[in-house]
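First up is the structure itself, then whatever we jot down about it.
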Amino acid sequence: MTSLPHVSVTISENEDDVDKSSVESTEPVDETNRGSNEELRDVAEHPESGQEREELLSGHPESGQEREGLLSGHPADELLQENPDKARNPLILRILMLLILLTVLVSSIYILVFFPKNNDGVTLPLLSNGTHDFHPTVILLSLDGFRYDYLTRNVTPYLTKFYQDGLQAKYLIPSFPSITFPNHYTIVTGLYPESHGIVGNSFYDPDLKDYFYYKDPKRSFDSKWWGGEPIWVTAVKQGQKSGVSQWVGSSSVIKGFMPTYHHPYDPNVTMDDQVSRVMNWLDLPFDERPTFISAYVSDVDSIGHSKGPDSVELNDILKSTDNMTRSLLDGLNRRNLTGIVNFIIVSDHGMIAINDSKVIYLEEIFNTSKIYPLDGYPLANIRPYDDSETSEIYLKLKNESLNKPWECFLRDEIPERYHFRKSHRISPILCIPLIPWAFSYHRNSTSKGLMGTHGYDNLESTMRGIFLASGPEFRAVARKSKTNVINGFYNVEVYNIIAKILRLTPAQNNGTVGGILWT
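Just so we're aligned: 145 in numbering that gives the first Met the number 0 is position 146 of the sequence shown, and the numbers increase by one with no gaps anywhere.
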């Protein structure tokens with residue numbers, strides 16, 4: 000595998016200091032465009048733009064068919080053939096020149112409207128499903144907590160059929176720590192958590208003197224937390240449209256931008272709701288339709304935590320997820336879009352079975368009143384209130400860990416392979432337990448009663464996620480490699496894969512330049 004360069008993105012309380020390597024937005028966010036409902040209603044009530052487009056297309060040759068020359072069959076040709084002497088008449092010459100100019104003008108307008116370039120000057124292909132035109136389009140679906148070997152349980156026939164018609168990585172390796180917020184943001188930025196700044200589901204920033212907590216929108220939606228550049232911002236900055244439903248970070252203004260269309264996280268949203276949102280975006284008029292669409296589904300992760308990865312209930316939710324996949328594929332087939340849309344299904348991490356007997360209580364090792372109450376379960380993220388206490392607490396943990404099922408590191412000594420040391424948001428002391436052990440700060444821990452969890456060493460096989468893909472770009476890769484099953488790779492690669500398909504110039508990231516599937 001191509002080696003992954005390290006990119007560090009400094010997070011600062013001052014928004015202007017975030018990621019100076021990328022071009023900052025010069026346009027303010029349109030507050031009226033934060034939600035898609037009003038815009039969708041406006042499109043439904045004013046279909047004129049689609050009608051005008053059909054009128055403009057009428058009389059033009061089909062895509063891919065060209066006349067023998069730019070002016071072939073032009074009225075001026077007949078005029079010259081019938082009476083060449085008249086061409087010497089100044090009036091006729093003026094008319095001829097006017098006709099030529101009008102032809103060039105109309106042709107230029109057609110090219111600009113239907114073969115636009117992104118802001119970096121790349122021409123976007125125009126594709127047709129037989130009735131409507133499309134630019135290259137990507138759907139990215141996340142199935143939170145879908146462990147890679149769930150596909151072998153023979154309860155997901157449509158997911159199996161899906162990747163057999165495209166591409167499957169043997170597994171997708173999460174970034175460390177293998178938990179939801181850091182990894183979902185890594186998938187869409189191509190950056191390790193130490194670089195994009197979302198280093199946990201909750202953490203403390205000593206520079207901002209503030210806590211990030213994923214269940215508190217008033218905190219987590221603030222732009223100050225989010226470094227890097229998610230793919231939906233890359234798309235919008237370069238003239239394309241994006242539709243994002245419930246993805247981590249999509250409710251925040253990042254570099255001055257939000258998705259073109261956006262649905263914030265709502266625990267009451269069903270799988271059927273997500274299918275409808277995706278299809279509704281695909282059904283928008285040509286000039287309103289997003290080229291990047293993403294949706295997040297949490298059901299598999301939720302059941303994995305509450306019932307365990309080996310439960311009957313987990314297999315039942317896998318079947319429901321498979322039916323959702325069938326609905327999405329049926330929607331694409333009905334619209335004749337399987338040759339146009341590239342559809343990617345990923346997960347952020349896996350899951351392991353746990354029980355309450357494998358808990359390491361930190362208050363039995365040192366005085367936990369001296370540290371910030373950070374939730375890092377199953378890890379221990381230890382940040383003393385007084386920096387001078389760090390060495391003493393670390394030595395106690397280090398000595399206690401001898402012949403015990405865990406390791407503890409000072410931040411600067413965390414092994415390089417974790418890519419988890421170069422951010423001030425990472426706690427000064429990190430303790431990583433062996434599976435299935437877990438750290439807790441107190442005996443009445445809210446983790447009691449859980450049947451499954453994740454967050455361990457990202458190279459553990461049970462932490463692996465999935466990467467499945469279908470569509471013209473992935474079928475081409477499968478044909479070239481003569482297989483539709485490829486080796487596993489790290490999830491920092493997904494951003495560049497999407498950017499290449501959409502002809503976007505990627506922001507700085509830790510993935511393989513040009514996309515790992517093509518190198």
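All C-beta atoms in this analysis are idealised placements derived from N, C-alpha and C, irrespective of residue type, glycine included.
Inter-residue Cα distance where the pair is residue i and residue j
i: F291; j: L313; result: 30 Å
i: D271; j: M323; result: 7 Å
i: N380; j: L396; result: 12 Å
i: Q167; j: L158; result: 10 Å
i: D209; j: S219; result: 11 Å
i: T122; j: Y494; result: 20 Å
i: Y376; j: P181; result: 14 Å
i: N36; j: P135; result: Note that N36 scores a pLDDT of 39, beneath 50, so its modelled location is shaky and nothing firm can be said.
i: V299; j: Q237; result: 34 Å
i: S297; j: D143; result: 5 Å
i: G199; j: H423; result: 13 Å
i: Y264; j: V252; result: 15 Å
i: A506; j: L190; result: 10 Å
i: R334; j: N457; result: 39 Å
i: N267; j: I316; result: 16 Å
i: K160; j: R325; result: 10 Å
i: I344; j: L139; result: 6 Å
i: V154; j: D321; result: 8 Å
i: I496; j: I230; result: 10 Å
i: S141; j: S241; result: 16 Å
i: S519; j: Y489; result: Summary: the structure shown does not reach residue 519, with the chain confined to residues 0 through 518, and so no result is reported for it.
i: H131; j: L125; result: 10 Å
i: R152; j: D309; result: 10 Å
i: T337; j: R288; result: 17 Å
i: T269; j: R416; result: 37 Å
i: M350; j: Y184; result: 19 Å
i: T452; j: T389; result: 28 Å
i: F342; j: R420; result: 34 Å
i: N486; j: D329; result: 29 Å
i: V513; j: K499; result: Just to set this straight, residue 513 is Gly in the shown sequence, not Val. Going by the C-alpha atoms only, they are around 7 Å apart.
i: I359; j: N509; result: 34 Å
i: S469; j: K403; result: 45 Å
i: L207; j: S250; result: 20 Å
i: D204; j: G448; result: 30 Å
i: L101; j: L95; result: 10 Å
i: L373; j: G454; result: 15 Å
i: V137; j: V340; result: 6 Å
Cβ-Cβ distance between residue i and residue j below 9 Å
i: V232; j: F211; result: no
i: P176; j: L378; result: yes
i: I465; j: Y170; result: yes
i: T511; j: T518; result: yes
i: M450; j: S305; result: yes
i: G227; j: H195; result: yes
i: G165; j: A477; result: yes
Residue i (DSSP reduced to helix, strand or coil)
i: I496; result: helix
i: S20; result: Confidence at S20 is low in this model, with a pLDDT of 36, below 50, so the placement of that residue should be treated as unreliable; the coordinate-derived value is given next. Correct three-state label for S20: coil.
i: D204; result: strand
i: H45; result: Here the model assigns H45 a pLDDT of 41, short of 50, so the residue's position is not dependable, and the following value carries that caveat. In the structure shown, H45 sits in coil (DSSP, three-state: anything other than H, G, I, E or B).
i: I561; result: Not covered by the structure: residue 561. The range shown for the chain is 0 to 518.
i: P216; result: helix
i: N490; result: helix
i: A506; result: coil
i: V512; result: coil
i: D385; result: coil
i: N483; result: coil
i: Y371; result: coil
i: I197; result: coil
i: Y376; result: coil
i: L101; result: helix
i: I95; result: In the sequence on display, residue 95 carries Leu and not Ile. Residue state, collapsed to three classes: helix.
i: L90; result: helix
i: L467; result: strand
Which ranges would you report for the beta strand (DSSP E) in the segment 115 to 191 if only whole runs of at least 3 residues count?
136 to 142 and 165 to 172
Would you mind listing the alpha helix (DSSP H) stretches within the segment 242 to 303 that are 4+ residues and don't spill past its ends, in chain order?
270 to 281
What beta strand (DSSP E) runs, 3 residues minimum, are completely inside the segment 305 to 368?
340 to 345 and 358 to 360
Please go through the segment 397 to 459 and give each complete beta strand (DSSP E) segment of 3 or more residues, from N-terminal end onward.
405 to 409, 428 to 432 and 437 to 439
So, does the segment 404 to 416 touch the segment 360 to 368, judging by three or more C-beta pairs under 8 Å?
no
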